[in-house]
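Each remark here refers to the structure printed beneath this line.
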Amino acid sequence: MEKIEKKEQIKVKLDKINKYYIGKKEKVHAVKDLSFYCRDKEFVALLGPSGCGKSSTLRMIAGLEEVSSGSINFGDREVTNLHPSKRNIGLAFENYALYPHLSVYENIVFPLRVKGISESEIKNNQRLNELIEMFEIDKEILDAYPKALSGGQAQLTSLVRCLVREADVYLLDEPLSHMDEDMRVRMRTTLKMMHHKMSKTFIYVTHDQLEAFALADRIVIMNFGVLQQSGNPRDIYSKPANQFVASFIGEPPMNFLECYLSENNDDLLVHFGEQKIHIPEQFKGKIQPDKEYILGIRPERVHVSKSSDDFKEPMKAYVEIFEYLGELNQITVKLGEERLITEIDSNTQYKQGDEVYLSFDIHHMHLFDKDTLECIDYKFR
Amino acid sequence: MYRLEVKNITKKYGKLTAVNNLSFNCEEGETVVLLGPTGAGKTTTLRCLSGLETLTEGEIFLDGNNISLLPPNKREVAMFFENYALYPHFTVRENMAYPLKSPNMKGQFTEKEIAQRVEEVAELLQIPELLERKVDQLSGGQKQRTALGRTLVRKPKVFLLDEPIAHLDAVLRHRMRGEMKRIFQELKCTVVYVTHDYKEALSIGDKILVIKKGELVQLGNSEDIWTRMKDIFVAKMIGDPPMNFLQGILKKEGENYLVDLPKIKSKINFDSKEEILNGEKEIEVLMGVRPTDVSILHEKKPNSLSCQLSVVEPISSNYEVTLSLPDKNTFKIKTKKNYEKYLDQDVWVRIDPAKMYLFNPQDGEAIYHGKGNL
Amino acid sequence: MEAINKLSIGKKVIYYILLIIVAVYILFPFVWIFLTSIKMPSDITSFPPKFIFNATLDNYKNLFAIAQTGAAASTLNFPRYYLNSVIIAGFGTILSLIIGCGAGYALTRAEFKNEGSRENVGFTLLSFWFGPELAIILPLYVIYNRIGMIDKHITLILAYQLIGIPFVVWMSRSFFRDVPVSIEEASRIDGYSLIQTFRKITFPLVKSGLAATAVLTFIFQWNNFLFALVIGGRNTMPITTGALGFISYEAVLWGQMAAAIILSSVPQLILAMFVQQHMVRGLTFGAVKG
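Protein chains in written order, with this note's numbering: chain A, 23 to 403; chain B, 37 to 410; chain C, 73 to 362.
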């Protein structure tokens with residue numbers, strides 16, 4: 023766990039949250055001892071594959087699910103058993119739940135009407151007008167009814183309705199998932215801009231690592247109900263705590279090679295297949311020779327050249343698949359029995375079967391314990 | 037002689053024209069990609085090639101034979117459906133063996149040969165352990181590979197694939213894109229591949245047809261589509277993030293050209309040996325700039341646009357920076373640097389004229405491709 | 073059942089009592105008839121009703137005996153009635169299935185002007201099932217009489233199509249609709265003709281649904297009374313009308329009537345149990361990505 027900041031800065035705090043579901047045959051432990059916090063004005067993403075417990079966690083923060091054990095605090099208010107309506111939150115769920123008998127505009131201003139705000143005040147509500155403008159909701163859509171909307175437009179309406187109210191924390195569960203790709207990318211950027219303008223705490227659930235990565239100030243990654251790592255996107259990308267995080271974040275995904283290490287006086291070597299290369303000194307003492315490890319290296323850290331002279335420790339490989347992608351080229355190379363993906367600039371072209379030389383950027387390489395899958399270098403980066 | 041010749045095919049549904057006068061050739065072992073947004077008529081074209089739809093006009097030749105009037109079961113093509121269309125009451129093995137047991141093939145293969153062939157293809161697609169499973173026990177990715185296997189067992193003359201990886205999750209999609217290219221190359225398949233994803237098109241296609249509302253917009257190889265777009269429609273489809281477009285007026289200033297961008301109060305100067313204005317004094321243009329072809333400056337320099345840094349989104353090893361222009365439009369940049377600390381500040385974006393594209397706003401035609409992109 | 077197990081004992085008892093009451097209400101008539109069928113005539117009419125008695129199979133035996141006493145007996149021919157029911161309902165069902173499935177399949181696959189007209193045609197066909205039999209029974213009688221078709225098996229078989237075809241069309245349509253067109257298309261491309269595709273792909277997927285439909289159609293046609301009464305004749309009497317013969321001027325042969333009813337229910341019971349198995353299975357098995 024990271025160091026706890028000053029109390030006033032913490033907007034949401036989860037302490038050892040557990041959630042059990044009674045299934046058909048046994049109890050399902052959906053969320054296990056989860057503890058994390060969100061600072062004021064922070065955009066926090068709860069990220070993980072489906073079934074990892076992120077939606078359950080969000081629902082507990084919202085008050086829609088009972089907490090089996092543990093506590094949730096908003097600032098210094100304990101809200102663990104408080105009814106959702108008393109928590110002062112904004113909610114946007116994946117399944118929009120729009121009022122079918124109200125137009126889009128009526129749906130959006132509903133939270134304001136409920137609060138008793140007058141019609142003229144609503145018209146002049148700065149946040150409302152900003153939202154409508156920035157999310158590009160034109161008059162035609164505002165007058166339409168939910169029945170006539172596409173999935174993406176309905177979701178957008180639900181999202182805007184959530185943001186229009188004044189709340190302490192905004193909770194969003196996959197609010198862009200039904201939009202087509204173009205719309206989703208645009209709305210993602212707009213959402214981030216909106217968050218910046220609103221300066222409020224957002225908690226956002228998604229299984230899409232690209233989305234979490236682009237939007238969040240801090241990402242909380244979960245798997246099987248357990249917190250894997252919590253940190254800002256850059257740190258999670260370059261300093262993953264374990265192999266799950268390393269493989270989940272980043273596109274194209276990280277390359278993994280099975281290897282073992284040897285320590286010979288001052289020579290620290292990692293062996294995979296027929297190859298062996300040196301690894302940085304920092305690993306000294308932290309590794310056990312002849313134990314099995316997994317080497318992880320991101321595609322952009324694998325360098326390719328036609329000649330072996332370009333690298334200190336060149337490794338011979340063959341081009342298996344060459345993909346011209348316009349702004350860059352992606353090649354899949356075969357190194358012994360292993361396959362690696364790497365990215366190169368668009369000026370160099372290769373053909374299937376070409377012989378090339380690889381070099382690893384060893385200072386951006388990771389080693390994972392094969393049994394625990396923990397990242398060895400996490401501790402000293 | 038071409039493997040597949042498509043000659044001026046048109047398909048109409050009553051008053052609606054789904055495919056309009058489309059022609060292309062596919063050589064043996066070649067992969068032709070039909071690239072376009074949803075509703076462009078790509079799937080309809082594929083269905084016409086397979087025989088599931090009849091042609092309103094035009095002809096299709098396979099190995100020199102006119103197959104335009106043949107029913108689907110006599111055309112020797114294999115098709116991959118976007119929704120996989122697996123036979124729900126069969127196992128994976130039975131699904132894959134089904135084409136080999138068709139009435140057309142009666143007697144051609146023994147039971148043993150069929151089993152062998154199925155197992156071969158299953159190995160190739162890395163699903164041999166799934167052969168005895170029922171279809172409803174498979175994951176999305178496994179279903180996709182089973183459907184692919186079903187097309188590969190037969191060794192048909194042409195493979196027709198309709199968005200084969202569109203519904204896989206991102207990681208799997210990435211991997212299958214490369215895998216499919218490798219398989220097609222290894223087996224020397226003749227493929228017609230439909231997609232809306234430009235990356236798939238560039239990576240897999242030997243030849244790419246960009247299609248809009250049933251009509252051909254551009255036919256070319258990956259480089260043609262990426263650097264020598266004929267039309268703004270093509271330019272809008274490619275790039276991640278897509279190209280930025282600005283409204284401007286092209287004039288001549290002495291020997292050089294000038295693109296005046298009045299809405300954002302900027303000017304771009306460049307010289308070119310081409311005659312772009314075609315005798316006019318000035319013309320309206322849409323300027324296209326790739327997110328990767330611009331740089332951010334902290335002070336005003338020539339050929340730069342003034343804007344405000346609004347959003348920084350990290351994307352894997354890069355950053356997507358969104359800039360707000362004076363006319364309230366946005367401009368996206370892709371860079372390796374982290375500009376987070378310059379949020380809300382005024383910055384300038386330098387445009388390199390050598391990497392700039394100009395389009396005619398009326399008909400979308402490309403009139404300038406930057407230097408070196410001829 | 074799990075939900076019940078979670079309840080307290082008190083609530084459990086109440087639920088079980090309610091279930092028993094409902095079960096008794098539904099099953100009692102059947103049990104009573106069965107008991108009647110194995111009672112001696114004296115036991116049948118005794119009051120208060122006897123639940124403990126000496127069982128006898130005489131009623132069943134007498135159904136098959138040609139010689140009986142009394143006027144009622146001379147016209148009774150139970151085996152004949154049973155056979156008629158089997159022939160009429162059996163062939164009637166087969167005919168309904170063939171025509172109905174064909175129409176049902178066409179409704180889902182053929183090209184219509186628009187979806188609205190597809191629905192209209194479908195509903196029109198279904199509406200024949202709603203039509204009251206009484207409304208058409210007289211004109212039907214007149215027509216059949218004119219062409220001399222009263223008292224032939226084929227007459228009833230054809231008349232029953234009015235019940236059978238709309239029902240089969242409606243049911244089979246929903247089953248065929250659940251078979252995605254794309255898998256039939258895939259089969260065509262894989263080298264199979266339309267008919268072969270139907271045999272190998274479509275039919276296996278609707279088999280169980282069609283079996284259930286066939287059974288229900290058979291039961292409806294077996295139980296029909298009105299058509300049999302008006303258009304049927306002495307030689308073509310099925311059990312439904314034939315059972316009337318147990319009521320005569322002299323006596324009502326309750327016991328034999330009860331036995332006839334029990335025997336008449338047997339095929340329906342067997343078929344219904346068979347149907348139940350197949351009704352449970354789903355159809356598409358997740359073969360399509362959506």
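Glycine included, C-beta positions come from ideal geometry on N, C-alpha and C.
In this structure, B/Gly-100 sits away from B/Thr-226, with a CB-CB distance that is not shorter than 8 Å. Assignment of beta-bridge partners to B/Tyr-229 by DSSP yields B/Val-69, B/Leu-197.
Interface annotation for the stretch 253–279 of chain C against chain B: Ser-254, Ile-255, Glu-257, Ala-258, Arg-260, Ile-261, Asp-262, Gly-263, Tyr-264, Ser-265, Gln-268, Ile-273, Pro-276, Leu-277, criterion Cβ-Cβ distance under 7 Å.
Judged by DSSP in its simplified three-state form, A/Ser-125 adopts coil rather than helix or strand. Shown here, B/Phe-126 sits in coil according to DSSP, grouped into three states, outside any helix or strand.
Residue B/Thr-79 holds the alpha-carbon nearest to the alpha-carbon of B/Lys-47 among B/Val-68, B/Thr-79, B/Pro-73, B/Thr-67. Within the DSSP secondary-structure output, B/Arg-386 pairs in a beta bridge with B/Ser-331, B/Ser-340. Taking CB atoms only, A/Pro-197 has no neighbour in chain B less than 8 Å away. Identification of chain A residues near B/Val-347 by a Cβ-Cβ cut-off of 8 Å yields Thr-211, Lys-214, Met-215, His-218, ordered along the chain. Under the Cβ criterion of 8 Å, A/Ala-236 is counted among the residues facing chain B. Chain-order list of chain C residues neighbouring B/Val-113: Ile-261, by C-beta distance under 7 Å. Assigned with DSSP and collapsed to three states, B/Pro-108 falls in helix. Looking at the backbone, the Cα of C/Thr-313 and that of C/Thr-165 are separated by about 19 Å.
Under the 8 Å criterion on CB atoms, B/Val-230 is classed as non-interfacial with respect to chain A. Neighbourhood of B/Leu-88 in chain C, by CB distance below 9 Å: Glu-257, Arg-260, Ile-261, in chain order.
B/Ile-96 is the residue among B/Phe-281, B/Glu-112, B/Ile-96 whose C-alpha sits nearest the C-alpha of B/Leu-105.
Looking at A/Asn-110, A/Ile-111, A/Gly-112, A/Pro-133, the one whose alpha-carbon comes closest to that of A/Tyr-121 is A/Pro-133. In terms of CA proximity to A/Arg-323, A/Ser-260 leads the group A/Leu-80, A/Thr-394, A/Ser-260, A/Pro-168. Sequence-ordered contacts of the stretch 194–211 of chain B with chain A read Asp-205, Ala-206, Val-207, His-210, Arg-211 [C-beta pairs closer than 9 Å]. Listed in chain order, the positions of the stretch 261–281 of chain A with a beta carbon within less than 7 Å of a beta carbon of chain B are Gly-272, Glu-273, Pro-274, Pro-275.
Against chain A, a Cβ distance below 8 Å from B/Leu-238 picks out Glu-345, Tyr-346, Leu-347, Gly-348.
Only those residues of the stretch 123–135 of chain B whose C-beta falls short of 7 Å from the nearest C-beta of chain C are listed: Tyr-123, Pro-124, His-125, Tyr-134, Pro-135. Put simply, of B/Lys-272, B/Lys-303, B/Pro-278, B/Phe-281 the residue whose alpha carbon is nearest the alpha carbon of B/Lys-287 is B/Lys-303. C-alpha of A/Gly-247 to C-alpha of A/Val-89: approximately 14 Å in a straight line.
Of the other Cβ atoms in all chains shown, 16 or more fall within 10 Å of the Cβ of C/Ser-109; this residue is therefore buried.
Using a C-beta cut-off of 8 Å, the stretch 251–268 of chain B makes no contact with the stretch 298–317 of chain B, since fewer than three inter-stretch Cβ pairs fall below that distance.
Between B/Leu-333 and B/Asp-380, the C-beta gap is not smaller than 8 Å, which leaves the two residues out of contact. In this structure C/Gly-263 touches B/Pro-139 by the C-beta definition: roughly 7 Å separates them, less than 8 Å.
With respect to chain B, the C-beta atom of A/Leu-124 has no partner C-beta closer than 8 Å. The C-beta of B/Glu-356 has 16 or more other C-beta atoms within 10 Å across all chains shown, which makes the residue buried. With contact defined as three or more Cβ pairs closer than 8 Å, the stretch 219–233 of chain B and the stretch 357–369 of chain A are not in contact. Check the Cα spacing between B/Ile-387 and each of B/Asn-354, B/Met-323, B/Glu-349: the tightest is with B/Met-323. Excluding sequence positions up to five before and after A/Thr-228, its CB lies within less than 7 Å of the CB of Ala-67, Leu-69, Glu-196, Ala-234, all in the same chain and listed in chain order. DSSP places B/His-203 outside both helix and strand once states are collapsed to three, so it counts as coil.
Here A/Tyr-400 is not bridged, per DSSP, to any residue.
Taking a C-beta cut-off of 8 Å against chain A, the contacting residues of the stretch 349–360 of chain B are Glu-349, Pro-350, Ile-351, Ser-352, Ser-353, Glu-356, Thr-358, listed in chain order.
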